[in-house]
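So our numbering is basically just the index in the first sequence, starting at one, shifted up by 583.
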Amino acid sequence: MIKERYDFARIESKWQERWRESGANRVREDEAGEKFYALAMFPYPSGRLHMGHVRNYSIVDVIARFKRMQGYNVLHPIGWDAFGLPAENAAIKNQRPPAEWTRDNIAHMRSQLAGLGLSYDWGREVTTCSPEYYRWTQWIFLELYKRGLVYRKEANVNWCPSCATVLANEQAEGGVCERCAAAVELRSLEQWFLKITNYSEQLLNDLDGLTGWPEKVKTMQRNWIGRSEGVQVEFSQWTIGDNGDNGVRTANIEEPTSNQRAGIAVFTTRVDTLFGVSYLVLAPEHPLVAELVEGTAYQESVTAFVREFNGLNEEARTADDAEKVGMFIGRYCLNPLSGERVPIWIANYVLPQYGTGAVMGVPAHDSRDFSFAVKYGLDIRCVILEPGKAPEDADLMGEAYTGEGVMINSGRFSGMSSGEAWGAMADEVERLGMGSRKVNYRLRDWLISRQRYWGAPIPMLMCPKCGLTPVPEDQLPVLLPDDIVFEAGENPLRSSPSFREAVCPLCGGAAVRETDTMDTFMCSSWYFLRYCDPCSETAAFDREKTDYWMGVDQYVGGVEHAILHLLYARFLVKALRDCGHLSVGEPFENLLTQGMVCLNGAKMQKRLGNIVSPEDIVERFGADTARLFILFAAPPERDLEWNDHGVEGCYRFLNRVWRLAWQVLKRVSGDELGGGAIGGTAVPWDDCAGRDGFDRWNGDNKDMLRRVHVTIKRVTHDVGVRFNFNTAISAVMELVNELYLFKEKPEADTGVLRQGLRAVLLLLAPFVPHLAEELWQAMGYEDSIFLQGWPQYQEAFLEMEMVTVVLQINGKVRDRLQLPAETAASQEALKEYVAGLPKVTQYLDGKSVVKMVVVPGKLVNIVVG
RNA sequence: GCGAGUGUGGCGGAACUGGCAGACGCGCUGGUCUUAGGAACCAGUCCUCCGGGGUGCAGGUUCGAGUCCUGUCACUCGCACCA
């Protein structure tokens, strides 16, 4: 028999053990029922869980348990995003291999997860740093390589000269080394890239099909991809120096000399402003700069200016407060349409990696060019009239006009609308062979090289004879060596002979292994595929299994992954599909981005010292209370303010449920109806479906049953459709309050009471699985509550005999009428009833009724004039 | 600057398609029981001059607006010289 006290510690460990022993959460592909793939973003094994994890995994667990009760075949896996920097830093600090540190962290966090009663299929656990996993990460790399989606290129990395090591962007914040505070330099290294830009268009367009994603995330991805349509225009180059004599146009001349070069290409989205160009700017890094100034009077000053930028990393370069600086380099070029001579400048505000690294300056119609022109006294030439402004205003511009208007000062294009001119001028540029329409993206290729130990080694070799050679598939995995000494400095793989020395698979000669490892985002971009087939030794995943489980039906995680992780995963899925390994083109059908967990108004962070430890909460109140609070305190997408009193409130509520069950069961066992009925089989009042069952009851009993079914309906909708767990829980709280009141009524039937308790437990089960399971068993059921179907409400039970109709006069609530449902449902009957009310005559006060608005079953509004 | 989002009691938040604002919980106040309680239970808890007024502010649409529209302010997040 159930005990009087709610002993959560005993109950929770008991059920966790039983679920584990019975394999309650194991799934297979061949089971009956539609599949449902519920996924939380897997954690980095930092050492212990924080509240953000608890929130994330509680949300997914509720969804998984709910769907399971609804009869779905639910895949609910967990794993570890286990490569990465902290393990390596810890290794240096404690002289312990990263593998050990990671393994211990995982062990501890695994037990914490188990302690929360999360219904994972532990048989599918995946760890990205295990050779069984990263073997396939390497295989995917090779697949992409085969498909031409991998290339090598020189690129800058953050380099700390004092630590002699490469830093990630996050470690180089503010241009300063995180560890030693030395100024970070840029170093150019040969590195590996994935051609994600091949998929720019698809990644952008397919966002429209992701109807289950928050608009916010899609917008962020759209901005990140940054598509813009424009024209790439060539400004032919003049040879003139700064002595002012007229130059000669030299474009299209064969055999160019050092003074006769082809044009300079710029990309513009505003080709309509071409006649407004008063200068042209190159990025300081532009390859032409050195050539253009070579041997001129400008060489020295320009070189000095350029050098200033080389040491600067991108962050310092693009900081908000960075002032625009630039200089004239003594050269001119020709405007392809107007034929005008245009001075060439270099300036810090032009980015080398976007477009062509060169920009046409149109001060009148671009705010950046405007401020630059004002600073350096450059021509501001208006070519588009702002509607409603007089032409003479153009000279007195206080800021750039970036809108549309009528063209002026633009040769034969004058008089057109700017929209028309855009097309006409683009056509003209193309006709002249001076450029063409072009689409540009902000998205850059994905640099996956990390000069680090703790990551999946890039499976490539350099053979002096055969060049770059992929490691053959049957030689995977390329294992990380463990004979490594960890100290600050270079990638330890570089100094490991056992790792570096290899044999070329093509010629059999000596070769050198690539020592770069892969960005951990690479490992986390396909883990959800591995969950579908986690133990395969012959493939990354079986196509049939991914066909069964993919895509993920519900993905849940923090918004901080809205761009990188989600974009990379989408890219990889598309690439693998194109390699013939997948049927789907998008990994995640529905996405829920949960809010942060805050304390005192700020995100819980070790750094801020505003941390509440999940372990403490579980120890003091139990996992069920922790889960309940975190789901009750706010809807999942919103930030959640932690509140200790609120936790106690949830604990109180569970105690209240416990006592209710205890009292109900005590009464049932003493009741002639209940005594013999407890057991695994259905008791009569458990299946009083249909109108007949309902009509057996009346008065308080009938009202109580109605409440039960109304609550089932609400909770089903709130959990299954809206993911508003907070309102679902509050609905159950209301039901419990009602049951307490009902219990004291003289007419209260024990069967109805039991029916109410049964509903409470079923509805609470996804939230507080241990308590629900314990009380379910106490009710006499032998099977797990999770094998019980999700409760169904009966329409007939929802029908009200009396309903409340609101009476308004001129929109103000004047009365609430209790009416038979039949009367309330009919326009005419309601009108008639209301018209006869003395209250109405009183409020009319001699005035006449202008109109009567009737909403059947709800409201009557009498408009009085 | 661009983009997205959010503004409701002392607090977290309800109000789903325009129809009873403040559900549920916290906190607070008073009470019952108790040796005691930070336990449990009961009652109360937006303001009010008792007419009414209240959902950041100002307008608008409507019989009716927290909800829709326009403008505005504040805060949060993302991107940020992307030509």
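For every residue, glycine included, the Cβ atom is placed at its ideal position computed from N, Cα and C.
Practice task
May I ask you to list the residues that DSSP assigns as paired with residue 768?
Solution key: Counting from 1 along the first sequence, the entry for residue 768 is found at position 185. Answer by DSSP bridge pairing, in chain order: 742.
Exercise for the section: Assuming residue 1139 contacts residue 661 (C-beta within less than 8 Å), just tell me the rounded distance between them. Expected result: The residue given as residue 1139 occupies position 556 in the first sequence. The residue given as residue 661 occupies position 78 in the first sequence. No, residue 1139 and residue 661 are not in contact; Cβ-Cβ is about 12 Å, not under 8 Å.
Problem - Local conformation of residue 1027 per DSSP, three classes - result: Numbered from 1 along the first sequence, position 444 holds the residue referred to as residue 1027. Note: residue 1027 maps to coil in three-state DSSP.
Practice task
Please report how far the alpha carbon of residue 649 lies from the alpha carbon of residue 803, in whole angstroms.
Solution key: As a working mapping, residue 649 is identified with position 66 in the first sequence. As a working mapping, residue 803 is identified with position 220 in the first sequence. Between residue 649 and residue 803, the C-alpha separation is close to 31 Å.
Handout entry: Limits of the unbroken alpha helix (DSSP H) element including residue 1465
Key = Outside the modelled stretch of the chain, which goes from 584 to 1448, sits residue 1465, for which no answer is possible.
Practice task
For my contact list, residue 663 and residue 720 are in at a C-beta cut-off of 8 Å; report their separation, rounded to the angstrom.
Solution key: As a first step, residue 663 must be located in the first sequence, where it is residue number 80. As a first step, residue 720 must be located in the first sequence, where it is residue number 137. Contact flag wrong, Cβ pair sits at about 14 Å.
Problem - residue 911 - containing beta strand (DSSP E), residue span - result: Stepping through the first sequence from its first residue, residue 911 is reached at position 328. First-last of the beta strand (DSSP E) with residue 911: 909 to 917.
Handout entry: Close Cβ partners of residue 614 (< 6 Å) along its chain, the five nearest in sequence each way excluded
Key = For the purposes of this step, residue 614 is taken as residue 31 along the first sequence, with counting starting at 1. Excluding sequence neighbours, residue 614 sits near 656.
Handout entry: residue 787, enclosing alpha helix (DSSP H) - first and last residue
Key = Locating residue 787 in the first sequence gives position 204, where the first residue counts as 1. Note, residue 787: alpha helix (DSSP H), 783 to 788.
Problem - Helix, strand or coil at residue 1176 according to DSSP, with G and I counted as helix - result: Start at 1 with the first residue of the first sequence, and residue 1176 comes out as number 593. Of the three classes helix, strand and coil, the one that applies to residue 1176 here is strand, per DSSP.
Handout entry: One or two residues paired with residue 1101 in a DSSP bridge
Key = Mapped onto the first sequence, residue 1101 falls at position 518. Beta-bridge pairing links residue 1101 to 1032.
Exercise for the section: Please report the Cβ distance between residue 859 and residue 964, rounded to the nearest whole angstrom; I am assuming they are in contact, meaning their Cβ atoms lie under 8 Å. Expected result: For the purposes of this step, residue 859 is identified with residue 276 of the first sequence, where counting begins at 1. For the purposes of this step, residue 964 is identified with residue 381 of the first sequence, where counting begins at 1. Between residue 964 and residue 859 the Cβ distance is about 5 Å, and since that is below 8 Å, they are a contact.
Practice task
Mind listing, in chain order, the continuous alpha helix (DSSP H) runs of no fewer than 4 residues lying wholly within the stretch 1139 to 1199?
Solution key: 1147 to 1161
Exercise for the section: Compute the distance between the beta-carbons of residue 813 and residue 851, then report whether it is under 9 Å. Expected result: Residue numbering aside, residue 813 sits at position 230 when the first sequence is read from its first letter. Residue numbering aside, residue 851 sits at position 268 when the first sequence is read from its first letter. In contact: residue 813 and residue 851 (Cβ atoms closer than 9 Å).
Problem - Cβ pair count under 8 Å reaching 3, the stretch 1220 to 1229 against the stretch 1329 to 1347 - result: no
Problem - Buried or exposed (CB count within 10 angstroms, at least 16 for buried), residue 610 - result: Against the first sequence, residue 610 aligns to sequence position 27. Classification for residue 610: buried.
Exercise for the section: Check the DSSP bridge columns for residue 1046 and list the partner residues they point to. Expected result: Position 463 of the first sequence, counted from the start, is the residue given in the question as residue 1046. Note: residue 1046 sits in a beta bridge opposite 1050.
Practice task
Return the first residue and the last residue of the alpha helix (DSSP H) that residue 713 is part of.
Solution key: By 1-based counting over the first sequence, the position of residue 713 is 130. Where residue 713 is concerned, there is no enclosing alpha helix (DSSP H), given that its DSSP letter is neither H nor E.
Handout entry: residue 1407 versus residue 1327 - alpha carbon distance
Key = Residue mapping note: residue 1407 aligns to position 824 of the first sequence, counting from 1. Residue mapping note: residue 1327 aligns to position 744 of the first sequence, counting from 1. Approximately 31 Å between the Cα atoms of the pair.
Practice task
Identify which residue in 1134, 760, 974 and 1082 has its Cα closest to the Cα of residue 1173.
Solution key: Stepping through the first sequence from its first residue, residue 1173 is reached at position 590. Ranking the options by Cα distance to residue 1173, first place goes to 1134.
Handout entry: Close-in-space but distant-in-sequence residues of the same chain around residue 1409 (CB under 7 Å, 5 per side omitted)
Key = Mapped onto the first sequence, residue 1409 falls at position 826. Cβ neighbours of residue 1409 beyond the five flanking positions: 1439.
Handout entry: Helix, strand or coil at residue 597 [DSSP, three-state]
Key = Residue numbering aside, residue 597 sits at position 14 when the first sequence is read from its first letter. Here residue 597 sits in helix by DSSP.
Problem - beta strand (DSSP E) runs contained entirely in the stretch 980 to 1012, provided each spans 3 or more residues - result: none
Handout entry: Nearest neighbour of residue 1034, chosen from 1441, 621 and 772 [CA to CA]
Key = By one-based count along the first sequence, residue 1034 stands at place 451. Of the candidates 1441, 621 and 772, the one whose C-alpha sits nearest the C-alpha of residue 1034 is 772.
Exercise for the section: Would you check if the distance between the CB atom of residue 867 and the CB atom of residue 931 is smaller than 9 Å? Expected result: Taking the first sequence and counting its residues from 1, one reaches residue 867 at position 284. Taking the first sequence and counting its residues from 1, one reaches residue 931 at position 348. In contact: residue 867 and residue 931 (Cβ atoms closer than 9 Å).
Problem - First through last residue of the beta strand (DSSP E) which encompasses residue 816 - result: As a working note, residue 816 is residue 233 in the first sequence. Where residue 816 is concerned, the enclosing beta strand (DSSP E) stretches over 810 to 820.
Handout entry: Own chain residues within Cβ distance below 6 Å of residue 1085, not counting five before or after
Key = As a first step, residue 1085 is located in the first sequence; it is residue number 502 there, counting from the start. Counting only Cβ-Cβ distances below 6 Å, and skipping sequence neighbours, we find 1044, 1094 and 1096.
Exercise for the section: If I'm right that residue 681 touches residue 1037 with Cβ under 8 Å, what's the distance once you round it to whole angstroms? Expected result: Here residue 681 corresponds to residue number 98 of the first sequence, with the count starting at 1. Here residue 1037 corresponds to residue number 454 of the first sequence, with the count starting at 1. 4 Å between Cβ atoms; contact.
Problem - Inter-residue spacing [alpha-carbon to alpha-carbon] between residue 1265 and residue 1131 - result: Residue 1265 sits at position 682 when you count from the first residue of the first sequence. Residue 1131 sits at position 548 when you count from the first residue of the first sequence. Interpretation of residue 1265 is limited by its pLDDT of 37, a score under 50 that renders its predicted location unreliable; the figure taken from the coordinates is listed afterwards. Near 35 Å, if we compare the C-alpha coordinates of residue 1131 and residue 1265.
Exercise for the section: State the beta-bridge partners of residue 734 as determined by DSSP. Expected result: The residue labelled residue 734 in the question sits at position 151 within the first sequence. Answer is 776.
Problem - residue 862 and residue 962 closer than 9 Å at C-beta - result: For the purposes of this step, residue 862 is taken as the residue at position 279 of the first sequence. For the purposes of this step, residue 962 is taken as the residue at position 379 of the first sequence. Closer than 9 Å, so yes.
Problem - Length of the line joining the Cα atoms of residue 1280 and residue 1319 - result: Indexing the first sequence from 1 puts residue 1280 at position 697. Indexing the first sequence from 1 puts residue 1319 at position 736. Roughly 20 Å between the two C-alpha positions.
Practice task
Please name the residue in 1394, 1369 and 1341 whose C-alpha comes closest to that of residue 1376.
Solution key: On the first sequence, position 793 is the one that residue 1376 refers to. If we check each option's Cα against that of residue 1376, 1341 comes out closest.
Practice task
Would you kindly work out how many angstroms separate the C-alpha atoms of residue 1064 and residue 1083, rounded to a whole number?
Solution key: Taking the first residue of the first sequence as 1, we reach residue 1064 at position 481. Taking the first residue of the first sequence as 1, we reach residue 1083 at position 500. So the two alpha carbons sit approximately 10 Å from each other.
Exercise for the section: Note down, one range per segment and in chain order, each alpha helix (DSSP H) of at least 4 residues found wholly within the stretch 941 to 971. Expected result: 950 to 959
Problem - Proximity of residue 776 and residue 1076 at Cβ, strictly below 9 Å - result: Mapped onto the first sequence, residue 776 falls at position 193. Mapped onto the first sequence, residue 1076 falls at position 493. No; because the gap between Cβ atoms is not below 9 Å, this pair is not in contact.
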